[in-house]
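**Student:** Take this structure first; my questions come after.
Residue numbers (my numbering): 758 to 1028.
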């Protein structure tokens, strides 16, 4: 009896108007195939827009709930960093509660390319990648050199795509990207240092700058309002200036990301 009731209830549910329209066109022998293809494309774009909106709402809520990640790891010169274990352990419950999941893809060639994928149950996926040289420091063998770069790449891309707040995170003095260094005392750790200090020992200045530029782009992408993105620009101004002087192509990449996100926010797409 209950089984029949369930079937009857399902049959009375309202159909998606767009799906119903497509079905009518598809079943009509005189229908224009080009028209049907346009309708299918429209449906796909509509579903993608809904998935993006659902992702944005979930990510916005999760961002407000993500904890500060402690810097329990010790890197070069005994400088602290957030371990992959801590990042995973502290962010996974919040992400899961909001229908989000973070995974990684690894592509090993001349470089080790790590891609973080932040997925929402709606089907929308955001990605960010970093290409790293194999970490051959410390007499590592071939497998260990890949594993070391992979672990760093996972930490960095997770930090970038989630916009994580790290323990002792303070303003950057531009040192990583070549901006002039103020002689005034600095707080004990900087934003860019959390990105560059744990790169493989043989990372070049270009690779360090690319890592910082990618982090800036990720920061701008997660901003939700004009004031917020403007404040973020002001906070990172010295880093951006350093990129302009030494790495103009990366500077342009950051500028483009800022302007695109600002335009999206003004148009209402970034809310």
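Built from N, CA and C at the ideal position, the CB exists for glycine as well. Bear in mind that the values here come from a model prediction, so they are computed numbers and not experimental data.
Can you list, in chain order, the residues of its chain whose CB lies under 7 Å from that of residue 887, leaving out five sequence neighbours each side?
**Tutor:** Excluding sequence neighbours, residue 887 sits near 871, 910, 913, 914, 968 and 971.
**Student:** Taking residue 919 as the reference, give the member of 983, 961, 863 and 973 with the closest Cα.
**Tutor:** Nearest C-alpha to residue 919: 973.
**Student:** My understanding is that residue 848 touches residue 823, with C-beta atoms under 8 Å, so please give their C-beta distance in whole angstroms.
**Tutor:** Indeed, because the Cβ distance is near 6 Å, the residues count as touching under 8 Å.
**Student:** Hey, would you say residue 815 sits closer than 8 Å to residue 856, going by beta carbons?
**Tutor:** Yes, Cβ-Cβ distance for residue 815 and residue 856 is below 8 Å.
**Student:** If residue 959 and residue 894 are in contact, beta carbons under 8 Å, what's the gap, nearest whole angstrom?
**Tutor:** Going by Cβ atoms, the distance from residue 959 to residue 894 rounds to 6 Å, so yes, they are a contact pair.
**Student:** Rounded to whole angstroms, what is the Cα-Cα separation between residue 868 and residue 791?
**Tutor:** So the alpha carbons of these two residues sit roughly 45 Å apart.
**Student:** Taking only the alpha-carbon atoms, compute the straight-line gap between residue 845 and residue 997 and give it to the nearest angstrom.
**Tutor:** About 29 Å.
**Student:** Rounded to a whole number of angstroms, what is the C-alpha to C-alpha distance between residue 859 and residue 875?
**Tutor:** When rounded, the distance between both Cα atoms is 5 Å.
**Student:** For the beta strand (DSSP E) holding residue 1004, just list the boundary residues, first then last.
**Tutor:** Counting along the chain, residue 1004 falls outside any beta strand (DSSP E), and DSSP gives it neither H nor E.
**Student:** State the start and end residues of the unbroken alpha helix (DSSP H) segment that holds residue 965.
**Tutor:** Residues 962-978.
**Student:** Please check the pair residue 1022 and residue 983, which I expect to be a contact at CB under 8 Å, by giving their CB distance rounded to whole angstroms.
**Tutor:** Going by Cβ atoms, the distance from residue 1022 to residue 983 rounds to 6 Å, so yes, they are a contact pair.
**Student:** Could you tell me which residues DSSP pairs with residue 830 in its beta bridges?
**Tutor:** Bridge partners of residue 830: 838.
**Student:** Between residue 877 and residue 812, is the Cβ-Cβ spacing less than 8 Å?
**Tutor:** Going by C-beta atoms, residue 877 is nearer than 8 Å to residue 812.
**Student:** Specify, as a first and last residue, the run of the beta strand (DSSP E) that residue 862 falls within.
**Tutor:** Element bounds for residue 862: 857-865.
**Student:** Can you tell me whether DSSP reads residue 1014 as helix, strand or coil?
**Tutor:** Reduced to three states, the DSSP call for residue 1014 is helix.
**Student:** Under three-state DSSP, which class holds residue 953?
**Tutor:** In the structure shown, residue 953 sits in a helix (DSSP, three-state: H, G or I).
**Student:** For residue 892 versus residue 837, is the C-beta distance shorter than 8 Å?
**Tutor:** No, the Cβ-Cβ distance between residue 892 and residue 837 is not below 8 Å.
**Student:** Where in the segment 845-915 do unbroken runs of the beta strand (DSSP E), each at least 3 residues long, occur, reported from the N-terminal end onward?
**Tutor:** If we require 3 residues or more, the beta strand (DSSP E) runs fully inside the segment 845-915 come out as 857-865, 869-877 and 882-889.
**Student:** Between which two residues does the alpha helix (DSSP H) harbouring residue 959 extend?
**Tutor:** Run containing residue 959: none; DSSP gives neither H nor E here.
**Student:** Am I right that residue 953 and residue 965 are in contact with their C-beta atoms under 8 Å? What's the rounded C-beta distance?
**Tutor:** Confirmed, about 5 Å.
**Student:** Taking DSSP as the reference, what is the three-state secondary structure of residue 942?
**Tutor:** Caution applies to residue 942, whose pLDDT of 37 falls short of 50 and renders its modelled position unreliable; the value that the coordinates give is listed next. Reduced to three states, the DSSP call for residue 942 is coil.
**Student:** Going by other Cβ atoms of all chains shown within 10 Å of its Cβ, with 16 needed for buried, is residue 963 buried or exposed?
**Tutor:** Looking at its Cβ environment, which holds fewer than 16 other Cβ atoms inside 10 Å, residue 963 is exposed.
**Student:** Using a Cβ-Cβ cut-off of 6 Å (strictly less than) and excluding sequence neighbours within five positions of residue 928, which residues of its own chain qualify?
**Tutor:** Low local confidence applies: a pLDDT of 36 at residue 928 is under 50, so the model's placement there is unreliable, with the coordinate-based value given in what follows. Excluding positions up to five away in sequence, the list is empty.
**Student:** Quick one: what does DSSP say residue 935 is sitting in, helix, strand or coil?
**Tutor:** Because residue 935 carries a pLDDT of 43, less than 50, the predicted location of this residue cannot be relied on, and the following value inherits that uncertainty. Looking at residue 935 - three-state DSSP - the assignment turns out to be coil, as it is neither helix nor strand.
**Student:** Can you grab the Cα-Cα spacing for the pair residue 975 / residue 1019, in whole Å?
**Tutor:** Taking the straight line from one Cα to the other gives about 13 Å.
**Student:** Under three-state DSSP, which class holds residue 993?
**Tutor:** In the structure shown, residue 993 sits in coil (DSSP, three-state: anything other than H, G, I, E or B).
**Student:** What is the DSSP secondary structure of residue 981, reduced to helix, strand or coil?
**Tutor:** Correct three-state label for residue 981: coil.
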